Structures are given as C-alpha cells and as structure tokens.
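Enquirer: Let me begin by handing over the structure; questions about it come next.
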Amino acid sequence: MSSEIDRLHDVRVPDKPALEGLEEKWMPRWEQAGVYRFDRSRPRADVYAIDTPPPTVSGSLHVGHVFSYTHTDVIARFQRMRGRAVFYPMGWDDNGLPTERRAQNYFGVRCDPTLPYDPHFAPPDKPGKHPVSVSRPNFIELCARLTAEDEKVFEALWRRLGLSVDWNLTYATIGRRAQRVSQASFLRLLARGLAYQVEAPTLWDVDFRTAVAQAELEDRELPGAYHRIAFARASGGGRVEIETTRPELIPACVALVAHPDDPRYQPLFGTDVVTPLFGVRVPIRAHELADPEKGSGIAMICTFGDVTDVVWWRALSLPVRAIIQPNGALRPIAWGSDGWESIDPGRAQQAYDQLANLSAAKARAKIVELLRESGDLIGDPRPITHAVKFYEKGDRPLEIVTSRQWFIKSMAFREALLSRARELRWHPSYMQLRLENWINGLAGDWCVSRQRFFGVPFPVWYPVLPDGTRDYANPMTPGEDRLPIDPSTDVPDGYRADQRDVPGGFSGDPDVMDTWATSSLTPQIVGGWLEDPDLFARVFPMDLRPQAHDIIRTWLFSTVLRSELEFGALPWANAAISGWILDPDRKKMSKSKGNVVTPMGLLEEHGSDGVRYWAASARPGTDTAFDPGQMKVGRRLAIKLLNASKFVLSKPGPAGEVTAAVDRGLLTMVSRLVREATADLEDYNYARVLERTESLFWFFCDNYLELVKSRRYGDHGEAAAASANTALLTALSALLRVFAPFLPFAAEEVWSWWHDDSIHRAAWPLPEEIVAPIGGEDPAGVEALELAAAVLGEIRKKKSEQQRPLKTAVARAAIRVPPGSRARLADVEADLRAAGLIQQLDVQDADAFSVVVELAA
RNA sequence: GGGCGGUUAGCUCAGUGGUAGAGCACCGGCCUUACACGCCGGCUGUCACAGGUUCGAAUCCUGUAUCGCCCACCA
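Each position in the first sequence, counted from 1, maps to that position plus 2 in my numbering.
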C-alpha cells in the first residue's frame, strides 16, 4: 500500500467537510469522466450485464423505486470495482394503458384507429369538453411527447440518487427499437407456429373493452348472493333446484352439471330441464369438477359466467349462448331464432326485453324481480361475500367474452420452464417457488392481444374476401427489414393504400400487444438483438435481473418464456428479488392509499447517501418499513466518514513499518471484513456487508482512533507514529472502497482528497493487500486491540458514572487478565496509557478479565 | 383449500447449535486539538406458544397460533 502513502504529498482536506452539495458536485463529474460508461470492447467473461427494470413513466417514481434500484446499484458498483465492464442500462416503460389514459386527459384527445395519420396535427391548447379524435400514429406521437417529459424528471432523480447507470444505454418500451424487436420476435414465433390466433372465450374487461391475460388478474372480495332457482324437468314432472350468484345469466344457460358420483342426481343425467322464464331445454350432465358440497350440489353452466363454465363447456361440448357484449351489457336477442329456441318464445322475449341492454349488475336485480313473480325463485337470496376476478387495473368484474385473440404458446413448455426456474439463481432462494407455483398453475396459453392503441401493433394484415370479411387464416406479414410497421397505416407488399378495407384488398390487424409482450424482451431490446450482434454476444445471456416479487408471474415469467422460445436458454443467470416498502401500518405503500412520500424530498433532506443507506439495510426480498430514522442514521454515517477521514488524512506524517499491536490488529480486522464482504456481495447479500462494515467502522472511530491519537501525534517517536500512519491509511483506503457502493458520494469525496481517479473505478480491495504490510493476518494483534478497547471502555464508564470530563486523568488502573492475555496487554500498554490518561497501570493474573479504575482528584 | 415468508428490547431489525445483539427512542453525563449534523455511559427481553432432538436450542424437527404475500375450478 505504499502507493496510498505516496499520494499523500498532495492531500487536499477541507476544513469543514460536509455532505451538502456533494450530489451536485459529483453527478456532472462522473458524467464528464464517463465513470459508468460501458466498455463494449471487453469480452463476455469480463462483462456484468443487468436487465434493469424499466419503471412505468406515467405517474411518478415513489420511494419503493428508490429502494429497489439502490439494491441493484450497490451490486453494479461492486462488480465494476471488481473489474467487470458493467452493462447497466435504463429503460422507460411508457407503453400501455396508464400512458394512454394520461395522454387522453392531458391533450383532450381520443384515439380512433380508423383515421389516417395527420402529419400536421396539433392538439388543442387546452383539453376541450369533447375529446378530439386522432389517428393511432398521431395518438402515439402525443403519448411519446408526454412520456419524454416524464423521462427527464425520472433521469434527474436517478442521477441524484447516484445510480451508476450508463445513460447512453436507454430505451423506451414504445420506442422504435422496442417495437422492432417486439414485432420481429412475434413474426418469428408466428412462423414457427408458436404464436397463433383463435376465436375463443377470453377474460374481458368491459370498461377497457379489451382482453386481459391470466397474469393480470386479481381477486377482490365482493358482496353477492346465492339465489336458489327452480328448473322444471322437461318430462316426468318435478323440479331441479340450483344455486347461482349470477341469475342474470339464466338466458345463457346451456346445461346443468353435477358430480358423476352424486346419487341425488345420477338418475337425472342425460335428461333435460327447462330454464325458468326462457323455456330453453338444457341437459343435465356429469363432471367431476362439480362439487356436491356447494349449493344444492348441481350447478348451472352458462356461456360464460366464470372460467369453470369454460372448462365445462369445452369438456362437455356444449353449444354457445352468449349474452354479454364487449361493453358489459346484455345483447338484444330475437327468441325463437336459430340458437335461441324456446318452448315459449313469446314469454322468453317478453322477459328478456326487460334485461336487454342492461349491465350485468342491473340485469341481475331485474331478473330477480321476474323470477320472484314467476315463482321460480325459492326463498330470498342469501347474501355472501365472495372473491371475484378483476383486471388488476379495472373497476368492474371481468366477464368472459368470445373474441379473436393472439396467443403465445406456453403450456407446451411447462416442463422446460420449470427446469429454467430451478436453473436460475434466486436471491433470496425461496423466491424460486413463486415462479414454480405460477408455472404449475398456468391455465392456458398467454393471450397477448389487447384491443387498445398505445402499444406495439401486431405486424399483420389480412386479405379482405369478396364478401367483405377478413381471411384470418391467411395473414400477410412484412419482411423483418420493414419493421417496425403499423398495419393501420402501412400497406402490405403488393397492395396499394386505396385497397384498405375493401373487398379484394387488405385490412390491418387492429390490436396491440400486451405490455408484457414487449417488456418480456428487455434483454433483447437493450442488448441489441437483430441490430448489433456484436453487442448482443457480449451481454446475453445477462448476469442479473433485479425486480420486485409482485411481478414474478408477469415480467420474470414472460421474459424466461420468450428467451426459452427464442434461444432455448435462460435470459440471465441471477434474479435478485426486492421486497416492498410498507408504510408504518405495515400496508403496502401505494399511491391509492395516499401515503407516498416524494423521493426527491427525501434525497434533499437526508442526502442521497442517507437514503441509500436505508435502502441497502434491507435484506433481499424482505418487505421493509419506510423509516426516515434509518435515513438519518445513514446520513450520520456518511458525515462520520468525512470527519474520520479528515482526521486520518490531516498532517499524516511519515509512513513506515507497521509494528504496533493495535495497528496489526486493525489491519487484520479490516482484511477479514473485506474477505466476508466480497463473498457476501458476490452472493447479493449487500445488507449484511453494510451492517458489518458500519460496525467495524464505528469500532475504528471510537476505539482505534482514540488509541493511536497520541502515538500518531509523535508522542512516542517517529517509528511508532509511522506504524500508525501506515495502518490508518491502509485501513481507511479499504474501508472507503467497501463503503463506495453504498455511500458513493461521501466515499468519492473523501477519495478525491488524495486521489485523482474516481473511487468507483478503483479496484475492490483484496484481503491479502491489507495485511501485506504486516506479513499476513495477526490474530494476537486483534486480541490486543480488543483488550485495549475493553479497558478503554471501563475507564470511560467510570468517568461517566462519576460525571467527570473524559479528559480526567486516571490515577490508577488495576487490570486483571487471564494469564494468556497478559502478553497482549503488554503489547498495548503504551497506547492504553496515552488514550486513557492513565498515570499508574497495574496488571495482575486472574481467571477473568476485570478493571478497577481510580480517577485522579 | 395449497404454497411461501415473518413473529427477538417501546420502534425498526441483525443474529442458522455454545453466557441474548445493533440502531433509534428513553435516561444521565461530557466543549475530548476529526466530528455538537458530536462524544461517553446507562435502562430495556418467558427470542409467539407447545412438544421433541441435543451435554447445550432464538437457531434443528413436529405441531399450534398469528400477521403478510403468492396461488386456486370463486356454481
């Protein structure tokens, strides 16, 4: 470490070091010096590539983002100091519904995909009462304009937090590159038969009027009621009673179902009943999913009330009688016509006309009246609370609507995906089960089409047949070199623009991809797949996917799936899962609860290092309380680092051989710390590293510095001072570098007092380098240092008890030590006398350590 | 109903077989030539509960309670 000493001829220590202003000072310098720039000339083995989560830009960053992105940054900084070329990009997730809604309100527009692009369009100065209709390309431009503003604000916050992102490596999920990758990947899947479209019952949000995927569902508890309803047997007389929470779906009833082993209903299997009010003959069927314990043990199958209906409908090959429209209202129906046969069409029509065009909830209230009048409702509805499926962003329960949708095959790859789930290294390891559970619970292939606008369009056209219908069986696709395209404005090869939507012409696919269909390609997007094979080969498969646990089933799963389909490999080696921030009531912090604190305010109040300290104190995967107290602690640690370093670097004096026991002990302790810290950081245990480093640092300040002060001032000669100087500098240099990933601003500031290069490009310390000046670890030195600290503690305690100033001299200290420790005590006697102002020091052998202190008058 | 994680000082949390810890809070003291944005010291516990394994259990096993999360075919 002589190099650390050699630099001391040019030490620049400020008189009053302070945290204030360090962010503004270092942010531009790091940028200017390119400290965090990715070096793409390095081979794959030297690269550490991070698949950074692109935060959703519509809205604002909250303290949860600060929390988890800090974890990733600690790892990135560590790997960089270890000598890796760190590929640390930043993406913006501006694709999807949240942005769409914001753009609509902000500009006062609505997207109408049937309109042509208007290159001169300008939105109204102020949003008017009636939204202006714009084409999809125009709408997308407006969305992009809005998100560009957001992205500036986000970047400013990330820089202030000290994220060591390479800002040359940014992308947006609606950007040209993302669209190109997304469309190309889709076309390749289509060509291989791994993407397909089909008309089928699909989970549907009636407000957004779009299909949604299984991964976007959530359950919500809602009040409901069991209605007991009588179905008359078609022949032989008698009635069958069922229970349902959705009586409004009786017109959509296609069968009743009971368990095959249920003796109550076994005689009825194969016979028919007639639906109340509508007089439709439906069969009674058997299926093992019917639960004899539930309700009356026999259920009504409707097309479609829930996903079980879909299962039964498929398994029993039942007909479709669909009544729910895409907007959630009941479709008008002509009873007696094909598919809507009734034994009494007049009565059916008369009843149904009172339901048509009502929402499901209103129709339910109405049909209960009708059933009561007709006598088919038995007793009163029994109120219950039950879980109902919702789109996670939606306001009304999902319906199941039959529609044409695109799917990506996933069911066929379950075993392969499960094996990838086990192959991935999870931090913490138990998170692996979340993915396995999800894969095991997959109910069907991934529905990726959405009937929305601000997203990546499907790059597909269909021939329009002479009768004006679309020929879905023969989609037309562009060559990859044309991508990205928008089929609502671009024209397939061999056609003219005026052939759009006319018989003999073509028609564009109107849908856009699910936001996860694009986000699942972040490694490909950022790594330059298709565009920059050289870069892609250097960064893919990547090293790390950091993300929160709530999107394992969406982002993590879909990324693994896409990588499996495209490359037959994992997209990254490690997944580091962050927890959530909880507010003091242990609830998840969220905007809707109104308890979000603005991150910029926190950074200004506690300093970026203080906030980072709080974030990095939380173990991987652990939900953590929002705690400004911890930020204050972190801030104090950073200040202490400045001040202690100032002491070490001020008037340092000559260097020399490290001979004193406490000096040797200190270097041994620091070396051991570095050994543990390195192993823990390699294993993503950043919280433990911070805790241990902090602990040793306080010991260093409180005990070691006090013990060597006098010697270092030269009270015991030049050689003794030189020993302390060398130990101090060696230890400080190492401690600073271990702190650097956590407290990048304070560490950089101190480092700059005697180095010209950034600490964030400095080499991570090696345990061997630290003990090199003492020829390897010295356990006796550690024992001596700890013994001295214990004696010092007893002396302080005495002074404190007697309420005397700490500079009070000790007339006599009688120390009893076990015989084996006596030599250690002798090693530190001089430092101890000086630090404790001890006039007389007596040492005796004893079984246990003890100190008797007599203070001077 | 299935799975996962938690339950340790008033609070936030470390601690995976060897005498219960840290920080904050609280109480008391101290201008000590790095730091008053400081320093020193003190108080604080049936380690959720019940069994078991062990010379020894906060730690390992079994069960229970409780909180949270994820999943589930929710008629």
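Glycine included, C-beta positions come from ideal geometry on N, C-alpha and C. Computed from a predicted structure; not experimentally measured.
Classify tyrosine 50 as buried or exposed, calling it buried when 16 or more other Cβ atoms lie within 10 Å of its own Cβ.
Expert: Taking the first sequence and counting its residues from 1, the one referred to as residue 50 is at position 48. So tyrosine 50 counts as buried.
Enquirer: Check whether the Cβ atoms of tyrosine 464 and serine 509 sit closer than 8 Å, and answer yes or no.
Expert: Taking the first residue of the first sequence as position 1, residue 464 is located at position 462. Taking the first residue of the first sequence as position 1, residue 509 is located at position 507. Result yes, Cβ atoms of tyrosine 464 and serine 509 sit closer than 8 Å.
Enquirer: Can you find the residues in the same chain that come closer than 6 Å, C-beta to C-beta, to lysine 411, ignoring five residues on each side of it along the sequence?
Expert: In the first sequence, the residue the question calls residue 411 occupies position 409. Hits under 6 Å: Leu196, Asp447.
Enquirer: Could you say which of Trp315, Lys296, Ile369, Asp263 lies nearest to glutamate 290 if we only look at CA atoms?
Expert: Looking up residue 290 in the first sequence gives position 288. Answer by Cα proximity: Asp263.
Enquirer: Could you name the residues that DSSP lists as bridge partners for glutamate 220?
Expert: In the first sequence, counting from the first residue as 1, residue 220 sits at position 218. DSSP output for glutamate 220 lists Phe392 as bridge partner(s).
Enquirer: Once the 5 residues before and after alanine 729 are set aside, which same chain residues still bring their CB inside 6 Å of it?
Expert: Along the first sequence, one-based indexing puts residue 729 at 727. Contacts found: Val660, Asp665, Leu668, Leu669.
Enquirer: DSSP three-state label for arginine 194, please.
Expert: For the purposes of this step, residue 194 is taken as the residue at position 192 of the first sequence. Three-state DSSP puts arginine 194 in coil, outside helix and strand.
Enquirer: Here's the rule I'm using: 16 or more other beta-carbon atoms within 10 Å means buried, otherwise exposed. How should proline 581 be labelled?
Expert: Within the first sequence, numbered from 1, the residue matching residue 581 stands at position 579. The sequence given here places glycine at residue 581; proline does not occur at that position. Per the 10 Å Cβ criterion, buried.
Enquirer: Would you check if the segment 834-849 and the segment 809-822 touch, i.e. whether three or more CB-CB distances between them fall below 8 Å?
Expert: Counting Cβ pairs under 8 Å, three or more are found: they touch.
Enquirer: Among Arg472, Asn442, Thr491, Val635, whose alpha-carbon lies nearest the alpha-carbon of proline 459?
Expert: In the first sequence, residue 459 corresponds to position 457, counting from 1. Ranking the options by Cα distance to proline 459, first place goes to Thr491.
Enquirer: Tell me where the alpha helix (DSSP H) around cysteine 145 begins and ends.
Expert: For the purposes of this step, residue 145 is identified with residue 143 of the first sequence, where counting begins at 1. Its alpha helix (DSSP H) spans residues 138-163.
Enquirer: So which of Arg677, Ile776, Val599 has the shortest CA-CA distance to glycine 658?
Expert: Position 656 of the first sequence, counted from the first residue, corresponds to residue 658. The option with the nearest alpha carbon to glycine 658 is Ile776.
Enquirer: Within 10 angstroms of the Cβ of leucine 675, are there 16 or more other Cβ atoms? Answer buried if so, exposed if not.
Expert: Taking the first sequence and counting its residues from 1, one reaches residue 675 at position 673. Classification of leucine 675: buried, given that the 10 Å Cβ count is 16 or more.
Enquirer: What is the rounded straight-line gap between the Cα of arginine 46 and the Cα of alanine 733?
Expert: Here residue 46 corresponds to residue number 44 of the first sequence, with the count starting at 1. Here residue 733 corresponds to residue number 731 of the first sequence, with the count starting at 1. Near 33 Å, if we compare the C-alpha coordinates of alanine 733 and arginine 46.
Enquirer: Provide the residue(s) that pair with leucine 857 in DSSP beta bridges, ordered along the chain.
Expert: Along the first sequence, one-based indexing puts residue 857 at 855. DSSP, once it has assigned bridges, lists Val812 as partnering leucine 857.
Enquirer: According to the Cβ coordinates, are proline 769 and arginine 739 closer than 8 Å?
Expert: The residue given as residue 769 occupies position 767 in the first sequence. The residue given as residue 739 occupies position 737 in the first sequence. Going by C-beta atoms, proline 769 is not nearer than 8 Å to arginine 739.
Enquirer: Sorted by chain position, which residues of the same chain lie with C-beta nearer than 6 Å to glutamine 526's C-beta, five sequence neighbours on each side aside?
Expert: Counting from 1 along the first sequence, the entry for residue 526 is found at position 524. So the list reads Val183, once near-sequence residues are dropped.
Enquirer: Our contact map puts leucine 21 next to glycine 609 with C-beta atoms below 8 Å; I'd like the distance itself, whole angstroms only.
Expert: Against the first sequence, residue 21 aligns to sequence position 19. Against the first sequence, residue 609 aligns to sequence position 607. Yes, they are in contact, since the Cβ atoms of leucine 21 and glycine 609 sit about 5 Å apart, within 8 Å.
Enquirer: Kindly indicate which three-state DSSP category leucine 171 falls into: helix, strand or coil?
Expert: Counting from one through the first sequence, the residue named residue 171 turns up at place 169. Correct three-state label for leucine 171: coil.
Enquirer: List in chain order: all unbroken alpha helix (DSSP H) runs of 4+ residues lying wholly within the segment 763-802.
Expert: Listed in chain order, they are 769-773.
Enquirer: So, using beta-carbon positions, are leucine 794 and leucine 857 closer together than 8 Å?
Expert: Residue 794 sits at position 792 when you count from the first residue of the first sequence. Residue 857 sits at position 855 when you count from the first residue of the first sequence. Not a contact, by the Cβ cut-off of 8 Å.
Enquirer: Touch check for the segment 202-213 and the segment 301-316: three-plus C-beta pairs under 8 Å?
Expert: Yes: the two stretches touch, three or more of their Cβ pairs being nearer than 8 Å.
Enquirer: Measure from the alpha carbon of leucine 419 to the alpha carbon of each residue in Glu696, Leu373, Leu563, Asp95, then state which is nearest.
Expert: Indexing the first sequence from 1 puts residue 419 at position 417. Among Glu696, Leu373, Leu563, Asp95, the Cα nearest to that of leucine 419 belongs to Leu563.
Enquirer: Thinking just about the alpha-carbon of each residue, which of Gly377, Gly507, Leu332 is nearest to the one in leucine 357?
Expert: For this step, residue 357 is matched to residue 355 along the first sequence. Ranking Gly377, Gly507, Leu332 by Cα distance to leucine 357 puts Leu332 first.
Enquirer: For the pair the segment 35-43 and the segment 553-573, tell me if three or more CB-CB distances fall below 8 Å.
Expert: No: the two stretches stay apart, fewer than three of their Cβ pairs being nearer than 8 Å.
Enquirer: Could you tell me how far apart the beta carbons of valine 13 and tryptophan 756 are, in whole angstroms, since I believe they sit closer than 8 Å?
Expert: As a position in the first sequence, residue 13 is number 11, starting the count at 1. As a position in the first sequence, residue 756 is number 754, starting the count at 1. Right, the Cβ-Cβ distance comes to about 5 Å (below 8 Å), so this counts as a contact.
Enquirer: Using only the alpha-carbon positions, how far apart do alanine 336 and phenylalanine 156 sit?
Expert: Position 334 of the first sequence holds residue 336. Position 154 of the first sequence holds residue 156. Cα to Cα, alanine 336 sits roughly 56 Å from phenylalanine 156.
Enquirer: Going residue by residue through the segment 45-113, where are the continuous beta strand (DSSP E) segments of at least 3 residues, counting only ones entirely within it?
Expert: Entirely contained in the segment 45-113, the beta strand (DSSP E) runs reaching 3 residues are, in chain order, 49-51, 87-89, 92-94, 111-113.
Enquirer: Buried or exposed for tyrosine 432, going by 16 or more other Cβ atoms inside 10 Å?
Expert: Within the first sequence, the letter at position 430 stands for residue 432. Exposed.
Enquirer: Does the beta-carbon of aspartate 844 have 16 or more other beta-carbons within 10 angstroms, so that it is buried, or is it exposed?
Expert: To locate residue 844, count along the first sequence from 1; it is residue 842. Exposed is the call here.
Enquirer: Quick check: the Cα distance between leucine 808 and alanine 663, rounded to an integer number of angstroms?
Expert: Within the first sequence, numbered from 1, the residue matching residue 808 stands at position 806. Within the first sequence, numbered from 1, the residue matching residue 663 stands at position 661. If I take the Cα positions, the gap works out to 24 Å.
Enquirer: Which residue's Cα is closest to the Cα of glutamate 438: Thr624, Pro285, Phe559?
Expert: Taking the first residue of the first sequence as 1, we reach residue 438 at position 436. Nearest C-alpha to glutamate 438: Phe559.
Enquirer: Which residues in the same chain have their Cβ closer than 6 Å to the Cβ of proline 383, if we skip the five residues on either side of it in sequence?
Expert: Taking the first residue of the first sequence as position 1, residue 383 is located at position 381. Hits under 6 Å: Ala227, His229.
Enquirer: Could you check the C-alpha separation between serine 594 and serine 361 for me, to the nearest Å?
Expert: Position 592 of the first sequence, counted from the first residue, corresponds to residue 594. Position 359 of the first sequence, counted from the first residue, corresponds to residue 361. Interpretation of serine 594 is limited by its pLDDT of 43, a score under 50 that renders its predicted location unreliable; the figure taken from the coordinates is listed afterwards. Their backbone Cα atoms lie some 27 Å apart in a straight line.
Enquirer: Going by the CB atoms, is the gap between alanine 577 and tryptophan 428 shorter than 8 Å?
Expert: Your numbering for residue 428 matches position 426 in the first sequence. Your numbering for residue 577 matches position 575 in the first sequence. Yes, they are a contact pair.
Enquirer: If you follow the alpha helix (DSSP H) that histidine 608 is part of, which residue opens it and which one closes it?
Expert: By 1-based counting over the first sequence, the position of residue 608 is 606. 601-608 is the extent of the alpha helix (DSSP H) around histidine 608.
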